[in-house]
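Participant: Residues in the sequence shown are numbered consecutively from -19, following the numbering used here. So that we are looking at the same thing, I have put the structure below in structure tokens.
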Amino acid sequence: MVAPSYGFDLVPVIRHAWWAWSLEMAQHVCVLAVFAIGFLVDPPATFAVASALGFWGLFRLMVRSARVVLPLRAKAAMNRWLRKTRWQSESDELRQQTRLLRLSGMGCAVLIMLLPLTAAFSRVPLDNVTRATAFLALLITVVVGARGAAYQWRLNRMHGADSPGPQKLTLRQQAIKDQQSHPYVVYRRPLQSVVEVEPEDLVFELVDEDRSPFVGSGELVHRWLPPLTIQLLRSVKDPADLKKHKSMEELEPPTPRFGAHELVAYLKAAMAPMGDTNDPTGLRGFTMRDRLYIAETDVPPRPEWLRKRPDPSDVDKIIDDPYGAVHHFLEIGASATGELVTTVFLRVTVKGRALSLDFAACALTRTPTEYHVLNGFGENGASAVVRSTLRRLFNLPVEVAGMWHLAGAPLLLTSAVRARKNRMLKPRRGMAIGAELSIREEKSTPWKHAQLDEVTIHDHMKLIEQRLLKAVEDFLESHGLDTSAFKKKATSIINTGVLNMGGRTEIKQSAIGTGAQVRADAREPDKNPEQSSKSEGDQ
């Protein structure tokens, strides 16, 4: 199955990828046809074109190597004159780049001599070979330049369109559209791996993001560990009874006063005003839906939910079953910019005559800066088409050398034809249907580099978290249940810092136990030499 999409639609991405691949393959086919026809009609000219492209590529490589070698040689001469010690890394780089410069220069010299030598051996006048070579080179230039112009024109058209998605979907695109918003999510349990941890780098993982079932939602940044549990006891309203101690048997009803699906329905109604479009202060990009998570190993051979989506009654049955293989999570998301997505997951279960709330929050960070080039000034329009064409022509040797990608085209097309049919409906031995990866999650900014967006993510997370806790409190009070213990735990959760936040705690230069000692490692550099020298002076 396709991983769930958060804040974006996967269908336009797939369609654009196919357009880009089709343009690339069309260019390679045309270039290959030019070489094939040229070889049949005029082999010397075809050989001369290949030599010219090779000379172009080697000349660019020679220039790049020279730009590295010349400063390093000047620095080496200065070090010898000043009798300074040279770094081994600089010496190795100078030696490698010098060798590369010599090889590329020798290759350019050989390729320059190939054109007259080819004309001499073929006994064809040099003028005729030159004209035929120029004609074939012009054809290749037109093909590569047309591909660059068509690619940028397609980007401009998609950038200015009201809706990036296609009007008519293929069978595969329709399947992707259905699966990316399907209530069921099939996740893969991680394989057990043994990782040796150095004693000096002892790490305690507060949130194990590698075991997160919330595929596609980004980094797991917050979770209640353990889940919030509260006993379902009747509230005591009589002032006379407040002074008397009552046992758990007296306060505990024989059966729960509500089902888990009733609380979920109440939370949906209570959380909906946060995303009111008529409210200017409402959360932007607010979404709320049911998600049903099941491990890949627990999927039955012929699940009915692959053919049709579950009804609300089926979802309620799953919510009320705390021990089933399918876990229900109420998914609430918010996105201030359309790209930075905060998603909160809440699982409500009633078991052991107690209410259990499993809360998790995930953050999908921004995409890399190079993905936003079209939004810059002058990066779309006619000038962008011209620049795209010139870039392709400047990299002409690389574009022509990419013809080897044609070897993988038949296999890719065969796989695409097979993917038109939903092959998950027919079980096969060893077939896996869990999502292997999420493209959006794979290309998002690493969490450690998203410090500027961390405040926004935690802000949205706390807003949703506090409203959920208040809604649960109101629901329990409306059913005549005691909420004193719940209020204390909720206040503790809201005020908690590092204990409930994601991340890791590193312990270095520490000793635990009676008589333990710490030996400072002299090999570890001092991270703050100024502060160290100041403290030594004070002593």
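We put the beta carbon where it would ideally sit given N, CA and C, even for glycine. If you're wondering where the values come from, they're calculated on a predicted model, not measured in any experiment.
Which partner residues does Lys331 have in the DSSP bridge list?
Facilitator: The count along the sequence shown starts at 1 and reaches residue 331 at position 351. In DSSP, Lys331 forms a bridge with Ala334.
Participant: For Gly239 versus Val330, is the C-beta distance shorter than 8 Å?
Facilitator: For the purposes of this step, residue 239 is identified with residue 259 of the sequence shown, where counting begins at 1. For the purposes of this step, residue 330 is identified with residue 350 of the sequence shown, where counting begins at 1. Yes, Cβ-Cβ distance for Gly239 and Val330 is below 8 Å.
Participant: Using only CA atoms, which one of Leu41, Ala465, Cys10, Arg203 lies nearest to Glu116?
Facilitator: By one-based count along the sequence shown, residue 116 stands at place 136. One point to set straight first is that residue 116 is Leu, not Glu, in the sequence displayed. Comparing Cα positions, the closest option is Cys10.
Participant: Could you tell me the distance, in whole angstroms, from the CA atom of Glu230 to the CA atom of Pro236?
Facilitator: One-based indexing of the sequence shown puts residue 230 at position 250. One-based indexing of the sequence shown puts residue 236 at position 256. Looking at the two C-alpha atoms, the distance is approximately 14 Å.
Participant: When you compare only the Cα positions, how much space is there between Glu199 and Trp427?
Facilitator: Here residue 199 refers to the residue found at position 219 of the sequence shown. Here residue 427 refers to the residue found at position 447 of the sequence shown. Whole-angstrom Cα-Cα distance: 7 Å.
Participant: What would DSSP say about Ser363, mapped onto helix, strand or coil?
Facilitator: Looking up residue 363 in the sequence shown gives position 383. Ser363 falls in the helix class under three-state DSSP.
Participant: Take the Cβ of Thr471 as the centre, count every other Cβ of all protein chains shown within 10 Å, and call the residue buried at 16 or more, exposed below.
Facilitator: For the purposes of this step, residue 471 is taken as residue 491 along the sequence shown, with counting starting at 1. Its Cβ having fewer than 16 others within 10 Å, Thr471 is exposed.
Participant: Could you compute how far the alpha carbon of Trp(-2) sits from the alpha carbon of Gly265?
Facilitator: Counted from its first residue, the sequence shown places residue -2 at position 18. Counted from its first residue, the sequence shown places residue 265 at position 285. Rounded to the nearest angstrom, the two C-alpha atoms are 29 Å apart.
Participant: Using only the alpha-carbon positions, how far apart do Leu376 and Ala387 sit?
Facilitator: Position 396 of the sequence shown holds residue 376. Position 407 of the sequence shown holds residue 387. Distance between the alpha carbons of Leu376 and Ala387 is about 20 Å.
Participant: Comparing alpha-carbon positions, which option in Glu416, Ala16, Ser197 lies nearest Ala314?
Facilitator: The sequence position of residue 314 within the sequence shown is 334, counting from 1. Ranking the options by Cα distance to Ala314, first place goes to Ser197.
Participant: How about Val165 and Ile437: do their beta carbons lie closer than 8 Å?
Facilitator: The count along the sequence shown starts at 1 and reaches residue 165 at position 185. The count along the sequence shown starts at 1 and reaches residue 437 at position 457. Going by C-beta atoms, Val165 is not nearer than 8 Å to Ile437.
Participant: With distance defined between alpha-carbon atoms, name the residue in Lys64, Leu83, Trp61, Val328 nearest to Leu41.
Facilitator: The count along the sequence shown starts at 1 and reaches residue 41 at position 61. Cα-wise, what sits closest to Leu41 is Leu83.
Participant: Does the separation of the CB atoms of Ala25 and Gly18 fall below 8 Å?
Facilitator: Numbered from its first residue, the sequence shown carries residue 25 at position 45. Numbered from its first residue, the sequence shown carries residue 18 at position 38. A contact, by the Cβ cut-off of 8 Å.
Participant: Quick check: Leu74 and Arg53, are their CB atoms within less than 8 Å of each other?
Facilitator: Taking the sequence shown and counting its residues from 1, one reaches residue 74 at position 94. Taking the sequence shown and counting its residues from 1, one reaches residue 53 at position 73. Yes, the pair counts as a contact, with Cβ atoms nearer than the cut-off.
Participant: Given a cut-off of 8 Å on the beta-carbon distance, is the pair Arg333 and Glu232 in contact?
Facilitator: Within the sequence shown, residue 333 is the residue found at index 353, counting from 1. Within the sequence shown, residue 232 is the residue found at index 252, counting from 1. It is a contact, given that the beta carbons lie within the stated cut-off.
Participant: Which same chain residues, not among the five before or five after Thr98, have their C-beta less than 6 Å away from its C-beta?
Facilitator: The count along the sequence shown starts at 1 and reaches residue 98 at position 118. The residues are Pro24, Phe27, Ala28.
Participant: Just mark Arg58 as buried or exposed, buried being the case when its beta carbon has 16 or more other beta carbons within 10 Å.
Facilitator: Against the sequence shown, residue 58 aligns to sequence position 78. For the record, residue 58 in the displayed sequence is Met; it is not Arg. So Met58 ends up on the exposed side.
Participant: Along the chain, where does the alpha helix (DSSP H) containing Gln147 start, and where does it finish?
Facilitator: Taking the first residue of the sequence shown as 1, we reach residue 147 at position 167. Run containing Gln147: none; DSSP gives neither H nor E here.
Participant: Using the rule of at least 16 other Cβ atoms within 10 Å of the residue's Cβ for burial, across every protein chain shown, is Ala(-17) buried or exposed?
Facilitator: In the sequence shown, the residue the question calls residue -17 occupies position 3. Label assigned to Ala(-17): buried.
Participant: Could you pull out every unbroken alpha helix (DSSP H) segment of at least 4 residues lying fully inside the region 343 to 407, listed in chain order?
Facilitator: Counting only runs of 4 or more, we get 362 to 374, 376 to 381, 389 to 399.
Participant: Ala340 by DSSP, collapsed to three states: which one?
Facilitator: Counting from 1 along the sequence shown, the entry for residue 340 is found at position 360. Correct three-state label for Ala340: strand.
Participant: Taking 6 Å as the limit between beta carbons, can you name the residues of its chain near Phe455, skipping five residues before and five after?
Facilitator: By one-based count along the sequence shown, residue 455 stands at place 475. So the list reads Leu243, Tyr246, once near-sequence residues are dropped.
Participant: Taking only runs that begin and end inside the region 297 to 323, name each unbroken beta strand (DSSP E) of 3 or more residues, in chain order.
Facilitator: Entirely contained in the region 297 to 323, the beta strand (DSSP E) runs reaching 3 residues are, in chain order, 307 to 315.
Participant: Could you say if the region 263 to 279 and the region 289 to 307 meet the contact criterion of at least three C-beta pairs nearer than 8 Å?
Facilitator: As far as the Cβ criterion goes, the region 263 to 279 touches the region 289 to 307, which means the pair count is three or higher.
Participant: Counting beta carbon pairs with one atom in the region 340 to 352 and one in the region 123 to 142, are three or more of them shorter than 8 Å?
Facilitator: Cβ pair count under 8 Å is below three, so no.
Participant: In terms of alpha-carbon separation, which member of Leu286, Leu449, Tyr351, Val397 lies closest to Lys406?
Facilitator: Counting from 1 along the sequence shown, the entry for residue 406 is found at position 426. Residue Leu286 is the option with its Cα nearest to Lys406.
Participant: Find the nearest neighbour of Arg134 within the set Arg420, Phe(-12), Arg(-5), judged by alpha-carbon distance.
Facilitator: Here the question's residue 134 lines up with position 154 in the sequence shown. Answer by Cα proximity: Arg(-5).
Participant: Can you tell me the Cα-Cα spacing of Val195 and Asp72, whole angstroms?
Facilitator: As a first step, residue 195 must be located in the sequence shown, where it is residue number 215. As a first step, residue 72 must be located in the sequence shown, where it is residue number 92. Those two C-alpha atoms are separated by around 44 Å.
Participant: Within this structure, are the beta carbons of Ser31 and Leu118 separated by less than 8 Å?
Facilitator: Here residue 31 refers to the residue found at position 51 when the sequence shown is read from its first residue. Here residue 118 refers to the residue found at position 138 when the sequence shown is read from its first residue. The answer is no: Cβ separation not under 8 Å.
Participant: When the distance is taken between beta carbons, is His440 closer than 8 Å to Thr322?
Facilitator: Reading the sequence shown from its first residue, position 342 is the one you call residue 322. Reading the sequence shown from its first residue, position 460 is the one you call residue 440. Yes, Cβ-Cβ distance for Thr322 and His440 is below 8 Å.
Participant: Threshold first: 3 residues or longer. Then list the beta strand (DSSP E) segments lying entirely within the region 60 to 110, N to C.
Facilitator: The qualifying runs do not exist here; there are none.
Participant: Using a Cβ-based criterion (distance less than 7 Å to any ligand heavy atom), does Leu200 qualify as near the ligand MN?
Facilitator: For the structure depicted, the ligand MN is absent and the ligand set is empty, with no information on it obtainable.
Participant: Can the beta-carbon of Leu326 be found less than 8 Å from the beta-carbon of Leu337?
Facilitator: One-based indexing of the sequence shown puts residue 326 at position 346. One-based indexing of the sequence shown puts residue 337 at position 357. It is a contact, given that the beta carbons lie within the stated cut-off.
Participant: Verify whether the separation of the beta carbon atoms of Gly356 and Met(-19) is less than 8 Å.
Facilitator: Translated into positions along the sequence shown, residue 356 becomes position 376. Translated into positions along the sequence shown, residue -19 becomes position 1. Not in contact: Gly356 and Met(-19) (Cβ atoms no closer than 8 Å).
Participant: Whole angstroms are fine: how far does the CA of Thr347 sit from the CA of His429?
Facilitator: Here residue 429 is taken as the residue at index 449 of the sequence shown, counted from 1. Here residue 347 is taken as the residue at index 367 of the sequence shown, counted from 1. Going by the C-alpha atoms only, they are around 12 Å apart.
Participant: Where does His440 fall in DSSP's three states?
Facilitator: Here the question's residue 440 lines up with position 460 in the sequence shown. Here His440 sits in helix by DSSP.
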